[in-house]
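Working notes for the structure below.
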Amino acid sequence: MDEHPILVERRAGYRVITLNRPQRLNAFTEAMHQALKAALAEVEEDADCRALLITGAGRGFCAGQDLHDRLSKAGETQVLGGALEAYYNPLVRKLRALPVPVVAAVNGVAAGAGANIALACDIVLAARSASFIQAFAKIGLIPDCGGTWFLPRLLGPARARALALTGESLPAETAAAWGLIWKAVADAELMDEAHKLCRHFAAAPTVGLALTKRLLDESWSSDLETQLDLEREAQREASLTPDYTEGMRAFVEKRSPVFTGRRGA
Ligand code: T3D
């Protein structure tokens, strides 16, 4: 049993969650899921937390499900689905719905659920030495954690199919060139870049960003007419925030805005 399957660090205006099972490339166990669930609930409840950074300890980001937990001592497998229902699917939903930007700093290999959980984050930065692997194909499974949803949308059908069906490792720079992730950066610069982004979001108009996240997700299942209506409603909501007033005033007064991220006055 790992003592601390995740680490949580509070920074000014944001939190850092580090997946912390480096000896297994941060593969998921039930204890890690439970700790992560609790940490994400705290992020959601903390009005002073205006961004979240997720990364991995050691040389990997996350190798997906811990496969040792899926084989009995007698070498028998189990029917799957329960952990998706209880942990993985709620995790993906929570990352998408968190009212703050979620930055993944992919420090090394991201495989299986580990790859698709990174893709569920709002902005994915990766070290040049990192890679993304739809490892499911190699063990007779299907890409879960939203893999079959994210891949075709981010990459288009040809690349999505090839990656999902071969389980080939995609280097970070190719992932960035193909539009799977935001950027690949030098290994030594990854965490500085990720913290810089989170510091930016910690001083940003948080409610407007939360509404933007929601609209971008809703757009996948909307026609233009529906989306225009959703934008009107969200813009109305954004315009009721103190940050909108501050943004307007700061522009007119030719100064930098000071955003609080608060919902109401
Ligand atoms: O409920 C459900 O189960 C459904 C949900 C499924 C979600 C999934 O994520 S299924 C996919 C699971 N993940 C994989 O299949 C990936 C398995 N790992 C690998 O293919 C390779 O480890 C990597 C390509 C990710 C990295 O390769 P490499 O050569 O850099 O490292 P390594 O030597 O293979 O791994 C280092 C250690 O981590 C090693 O332990 P050891 O031998 O030093 O004691 C290895 O066994 C361990 N490790 C890596 N991945 C996992 C793992 N241990 C348990 N589970 C893993 N997924």
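Residue numbers (the working numbering): 350 to 614. For every residue, glycine included, the Cβ atom is placed at its ideal position computed from N, Cα and C. The structure displayed is predicted, hence computed values, not measured ones.
Residue i versus the options, residue with shortest Cα-Cα distance
i	options	result
Ile-530	Ala-511, Ala-537, Glu-522	Glu-522
Leu-514	Gln-483, Ala-467, Arg-502	Gln-483
Leu-558	Glu-567, Gly-610, Ala-537	Gly-610
Ala-587	Ala-543, Leu-539, Ile-366, Pro-554	Pro-554
Lys-562	Leu-429, His-417, Ala-446, Met-350	Ala-446
Glu-453	Leu-546, Glu-574, Ala-390, Arg-419	The question names Glu, but residue 453 is Ala in the sequence shown. With distances taken between Cα atoms, Ala-453 lies closest to Leu-546.
Asn-438	Leu-416, Thr-497, Lys-487	Thr-497
Arg-442	Gly-489, Gln-584, Glu-602, Asp-493	Asp-493
Leu-433	Ile-366, Glu-379, Val-601, Glu-595	Glu-379
Gly-461	Glu-517, Ala-361, Glu-393	Glu-517
His-549	Asp-351, Pro-606, Leu-504, Leu-512	Pro-606
Ile-466	Val-392, Ile-403, Glu-352	Ile-403
Ala-526	Ala-388, Gly-489, Arg-508, Met-597	Arg-508
Gly-362	Glu-393, Gly-489, Leu-512	Glu-393
Leu-429	Thr-575, Pro-501, Ile-488	Ile-488
Lys-386	Met-597, Leu-440, Glu-567, Thr-575	Leu-440
According to DSSP, residues forming a beta bridge with residue i
i	result
Pro-501	DSSP output for Pro-501 lists no bridge partner at all.
Ile-355	Leu-368
Val-452	Leu-402, Ile-472
Val-458	Gly-409
Phe-377	Gln-414
Ala-533	Ala-475
Phe-481	Ala-459, Leu-519
Tyr-363	Arg-360
Residue i vs residue j beta-carbon contact at 8 Å
i	j	result
Val-458	Leu-374	yes
Gly-495	Ala-469	yes
Phe-377	Gly-405	no
Ile-491	Phe-499	no
Ala-552	Phe-608	yes
Cys-398	Arg-364	yes
Leu-474	Leu-564	no
Ala-435	Asn-456	no
Thr-590	Arg-604	no
Val-556	Ala-476	no
Leu-368	Met-381	yes
Ser-571	Leu-579	yes
Residues near residue i by beta carbon distance below 6 Å, same chain, minus five either side
i	result
Gly-407	Pro-371
Ala-384	Pro-354, Ile-355
Pro-448	Ala-559
Val-451	Leu-401, Leu-444, Cys-470, Asp-471
Glu-358	Val-365
Ala-583	Leu-560, Leu-564
Gly-409	Leu-374, Asn-375, Gly-457, Val-458
Own chain partners of residue i with C-beta closer than 7 Å, once the 5 adjacent residues on each side are dropped
i	result
Phe-481	Ala-459, Ala-464, Leu-519, Ala-524, Leu-529
Lys-422	none
Ala-599	Ser-605, Pro-606
Pro-501	Ala-509
Own chain partners of residue i with C-beta closer than 8 Å, once the 5 adjacent residues on each side are dropped
i	result
Tyr-593	Pro-554, Gly-557, Ala-587
Gln-427	Arg-419, Ser-421
Every unbroken beta strand (DSSP E) inside the stretch 484–531 [3 residues or more]: 518–520, all fully within the stretch 484–531.
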